[in-house]
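For the sequence shown, the positions run 2 to 149 when the working numbering is used.
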Amino acid sequence: MLLLKNKRATHDYSIEKTYVSGIVLSGPEVKSLRNKSGSFKGSYVKVISDEVFLINAQITPYAFADNEKYDPKRTRKLLLKKKEIISLTEELDKKNRTLVPLSFNAIGRNIKVKIGVGIGLKLHDKRAKMKKRTADREVAKELKSINR
């Protein structure tokens, strides 16, 4: 079940490959995510000494928990297998690649983070993408009116 989605990721990046990883969270953070309260604004994923971290993702404090010492934008460790981390670092060694958080998902009783290896889009790429989307929308509209 999709909990949160990073809408800017597909707009700003062309996603080549995706990975699903676990995340280290506290109990109130899990409850807050299940209430779908959080944000990916300004967040990114970084590999530091063979470990992967989600940096600057905001999970709002759970209302019914003790939030005195809680930092909503703390760095959280992502749980990936060693082979996945190696393939991630190989992907990042290629030119203009970055790791982008895509979504928080609830799979059973676990919270998973979907991350993607993306290439940053230039402004003209974004404009071309928008033109193609509007053209496809107009074609679909015309086909719908013809079929009526």
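All residues carry an ideal CB built from backbone N, CA and C; glycine is no exception.
About 7 Å separates the beta carbons of residue 17 and residue 119, which is inside the 8 Å limit, making them a contact pair. Going by beta carbons, residue 46 and residue 116 fall inside the 8 Å limit. Annotation for residue 127: the continuous alpha helix (DSSP H) segment containing it runs 124-148.
Shown here, residue 75 sits in coil according to DSSP, grouped into three states, outside any helix or strand. Runs of the alpha helix (DSSP H) lying entirely within the region 11-98, each at least 4 residues long, are 28-35 and 83-94 in chain order.
With 16 or more neighbouring CB atoms inside 10 Å of its own CB, residue 30 falls in the buried class. Counting along the chain, residue 119 sits inside the beta strand (DSSP E) bounded by residues 111-121. Counting C-beta atoms within 10 angstroms of its own C-beta, residue 111 has fewer than 16 neighbours from the protein chains shown and is therefore classed as exposed.
A distance of 8 Å or more separates the beta carbons of residue 55 and residue 101. The beta carbons of residue 4 and residue 37 sit closer together than 8 Å. Counting of Cβ neighbours within 10 angstroms places residue 33 among the buried residues, the total reaching 16 or more. With respect to the C-alpha of residue 51, the residue from 86, 143, 23 and 97 having the closest C-alpha is 86.
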